[in-house]
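Numbered by the numbering used here, the letters in the sequence shown go through residues -10 to 212 in order. Every residue gets a Cβ at the ideal spot worked out from N, C-alpha and C, and that includes glycine. To start, the structure under review is shown below, and the notes come after it.
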Amino acid sequence: FGSGSGISDSAAEDPGTVTFKKPGVYQVAFTVTDAKGIYDPTPAIRTITVRSSSPEITQVQYEWNLKYVDSQELSGCGSDGKVIDLRKCNPATYAFDGKNDTIWHTEFSAQRPDLPHEIQIDLGAVYAIDTFIYVPRQDILIDGSIASNGRIERYKFYVSVDGEAWGTPVAAGVFANDNAEKEVVFTPKKGRFIRLRALSETNNLLFTSIAEIKVKGIEAGGN
């Protein structure tokens, strides 16, 4: 029933109803063996995605803060905090400002640093996190099309208690090339800091852009 599902494999002909209680993505395999003990070399495999019932973690109680970003486009941001050029004012904090019409975008004016790009965020308290959501940029171009530069393709996502020891990623994969929200579930991990690494871009460009990063989980004590 898949590694980490918490469900023991069964050799019964009919194991009955099986309920997945842990959020995550599991590979369920069904292998048939005949009376002579010969088994099917290509078992049927299905991917089971168990959504989280945890609430979305918001900034109502604890403010989120930027811990680190490797690159951000700030040429359109004024020193007084006013936006000079919205197209070129794309700080990393826009990735968690609660607005889909603002974006974090890596540098593209003075220089264009290469991938991978990453952002690290302090959630302000420790949570048992089991889901993250990536919202690609939603802004509309002059020709009416949806902007796609910087749309993440391959990614890795991490959770850490102290923002220093990250360990292995809790999730990694490839996002579909569209502007829909992407919800990724994984085995819950306690942490106060999250880290998203963009390894490649859907248009083979050097940029990364994000409208919003969201996470789901429950408070686990500590800050």
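When the options are compared against residue i, the one with the closest alpha-carbon
{"i": "Asp86", "options": "Ala161, Ala1, Thr47", "result": "Thr47"}
{"i": "Leu194", "options": "Val148, Pro102, Ile34", "result": "Pro102"}
{"i": "Ala165", "options": "Arg186, Glu142, Phe(-10)", "result": "Glu142"}
{"i": "Lys10", "options": "Ala0, Gly(-9), Ile110, Ile131", "result": "Gly(-9)"}
{"i": "Ala117", "options": "Glu172, Ile183, Thr82", "result": "Ile183"}
{"i": "Pro177", "options": "Gly162, Asn79, Phe146", "result": "Phe146"}
{"i": "Val39", "options": "Gly26, Val7, Asp23, Ala24", "result": "Val7"}
{"i": "Leu104", "options": "Arg140, Lys88, Ile73", "result": "Arg140"}
{"i": "Thr196", "options": "Asp132, Asn138, Ser(-1)", "result": "Residue 196 is actually Phe in this sequence, not Thr. Among Asp132, Asn138, Ser(-1), the Cα nearest to that of Phe196 is on Asn138."}
{"i": "Gly26", "options": "Leu130, Ala0, Gln100", "result": "Ala0"}
{"i": "Asn89", "options": "Gly162, Gly210, Glu170", "result": "Glu170"}
{"i": "Asp111", "options": "Leu75, Gln100, Val150, Leu130", "result": "Val150"}
C-beta atoms of residue i and residue j nearer than 7 Å
{"i": "Ser198", "j": "Ile92", "result": "yes"}
{"i": "Phe175", "j": "Gly13", "result": "yes"}
{"i": "Lys205", "j": "Ser41", "result": "yes"}
{"i": "Arg186", "j": "Glu62", "result": "no"}
{"i": "Ser43", "j": "Tyr15", "result": "no"}
{"i": "Glu52", "j": "Gly113", "result": "yes"}
{"i": "Glu223", "j": "Lys203", "result": "The shown model of the chain, from -10 to 212, leaves out residue 223, and the question about it has no answer."}
{"i": "Thr20", "j": "Pro32", "result": "yes"}
With 16 other Cβ atoms within 10 Å as the buried cut-off, status of residue i
{"i": "Ile135", "result": "exposed"}
{"i": "Val148", "result": "buried"}
{"i": "Ala154", "result": "exposed"}
{"i": "Ala18", "result": "exposed"}
{"i": "Val159", "result": "buried"}
{"i": "Ser(-3)", "result": "exposed"}
{"i": "Thr95", "result": "buried"}
{"i": "Tyr57", "result": "exposed"}
{"i": "Asn54", "result": "exposed"}
{"i": "Asn79", "result": "buried"}
{"i": "Glu201", "result": "buried"}
{"i": "Pro30", "result": "exposed"}
{"i": "Ala84", "result": "buried"}
{"i": "Ala81", "result": "buried"}
{"i": "Arg181", "result": "buried"}
Cβ separation of residue i and residue j, assumed to be a contact under 8 Å, to the nearest whole Å
{"i": "Tyr144", "j": "Leu188", "result": "6 Å"}
{"i": "Gln127", "j": "Asn168", "result": "6 Å"}
{"i": "Ser60", "j": "Lys77", "result": "About 13 Å separates the two Cβ atoms, so there is no contact after all."}
{"i": "Glu172", "j": "Thr120", "result": "6 Å"}
{"i": "Val115", "j": "Gly210", "result": "6 Å"}
For residue i, the residue or residues it bridges with in DSSP
{"i": "Asn79", "result": "Glu62"}
{"i": "Ala117", "result": "Lys179, Ile207"}
{"i": "Trp155", "result": "Trp155 is not bridged to any residue."}
{"i": "Asp111", "result": "Asn54, Phe182"}
{"i": "Gly13", "result": "Val39"}
{"i": "Ile135", "result": "Ile129"}
Distance cut-off 6 Å: residue i Cβ against heavy atoms of the ligand SAH
{"i": "Gln50", "result": "This structure lacks the ligand SAH; in fact it carries no ligand of any kind."}
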